[in-house]
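All remarks here apply to the structure that follows.
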Amino acid sequence: MKLSLVAAVVLIIFGVALFFFPGANQSLFLSINSLFPNGNFWTAITTLGDGAVAGCIFYLLLRKHHDVLARGLIATIIGLIVAHGLKKLFGVPRPEHAADFTSQFHQLAEDIAITSFSMPSGHTVAAFLLGTLLFAYLKLNLASKILLGVIMVAVGVSRITLGVHWPADVFAGAGLGILIGIGCIALPIHIENKWGVLIVHLLYLSFVVSLVNKFIL
């Protein structure tokens with residue numbers, strides 16, 4: 096856990112450093128954005144970082160662990176507040192809306208409103224938050240750990256290859272996701288009341304409703 100905490104701090108510091116050095120941030124963006132510009136592939140990867148998808152995956156894998164599910168709900172709420180709060184605080188425009196960025200790049204996602212700010216990446220926060228909790232609560236062999244780590248990183252990379260986030264957003268989002276996950280793992284939650292268990296499970300229906308609304312309706 097100490098190693099995860101160090102990794103989180105390093106990622107956040109690196110993200111903030113890139114934020115204060117826009118030239119390096121933009122150069123790194125262009126380098127990553129040019130990697131395998133396939134919209135269908137990266138859209139499929141980035142979907143794993145959608146909050147509704149991540150919540151459903153978490154529930155399916157850990158549905159028998161009520162205390163863990165409660166921690167997941169709390170982590171989700173904190174993640175949403177932190178991500179959206181920092182977006183408003185920093186007010187960083189996405190690459191397509193950045194007035195000082197005129198370079199050509201691959202914009203593989205649909206246009207995003209100019210009022211939707213960039214830093215940190217919410218998908219990356221969700222992916223690394225989910226990954227941190229899964230590393231903690233699932234019994235994974237080495238191959239599974241490597242696969243999970245690759246998926247987490249791929250979600251972050253997808254935000255850049257799709258052209259919707261800067262590297263600074265992704266590094267900061269990854270660090271925040273890990274940090275929130277670590278904090279929620281430490282929460283002293285013990286649900287023994289059957290009504291409390293029922294409520295926790297019912298609350299996960301919100302992820303299903305959101306999933307249906309986003310991808311089916």
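In terms of my numbering, the sequence shown opens at residue 96 and continues consecutively.
Backbone N, C-alpha and C fix where the C-beta goes; we use that ideal spot for every residue, glycine too.
(1) Let me check understanding here. Comparing Cα to Cα, which of Phe185, Ala208, Lys183, Leu184 lies closest to Glu191?
(2) Taking its Cβ as the centre, do 16 or more other Cβ atoms sit within 10 Å of Asn128, making it buried, or is it exposed?
(3) Quick check on Asn236: does DSSP put it in helix, strand or coil?
(4) Please report the distance separating the alpha-carbon of Ala221 from that of Leu130.
(5) So, with DSSP's three-state summary, where would you put Ile108?
(6) I want to know whether the region 282–292 touches the region 153–163 - three or more CB-CB distances under 8 Å.
(7) DSSP three-state label for His161, please.
(8) By Cβ distance below 7 Å, which residues in the same chain neighbour Cys151 in space, the five residues on each side in sequence not counted?
(9) Count the other C-beta atoms from every protein chain shown that fall within 10 angstroms of the C-beta of Gly296, then say buried if there are 16 or more, exposed otherwise.
(10) Going straight from the alpha carbon of Gly258 to that of Pro132, what length do you get?
To lay it out plainly:
(1) Closest option to Glu191, Cα to Cα, is Ala208.
(2) Under this definition Asn128 is a buried residue.
(3) Coil, per DSSP.
(4) One C-alpha to the other measures close to 23 Å.
(5) Three-state result, Ile108: helix.
(6) Contact between the region 282–292 and the region 153–163 is present: 3 or more CB-CB pairs across the two stretches fall below 8 Å.
(7) Taken through DSSP and simplified to helix, strand or coil, His161 comes out as helix.
(8) Correct list, in chain order: Phe302, Val303, Leu306.
(9) For clarity, residue 296 is His in the given sequence; the question names Gly instead. By the neighbour-count rule (16 or more Cβ atoms within 10 Å), His296 is not buried but exposed.
(10) Cα to Cα, Gly258 sits roughly 10 Å from Pro132.
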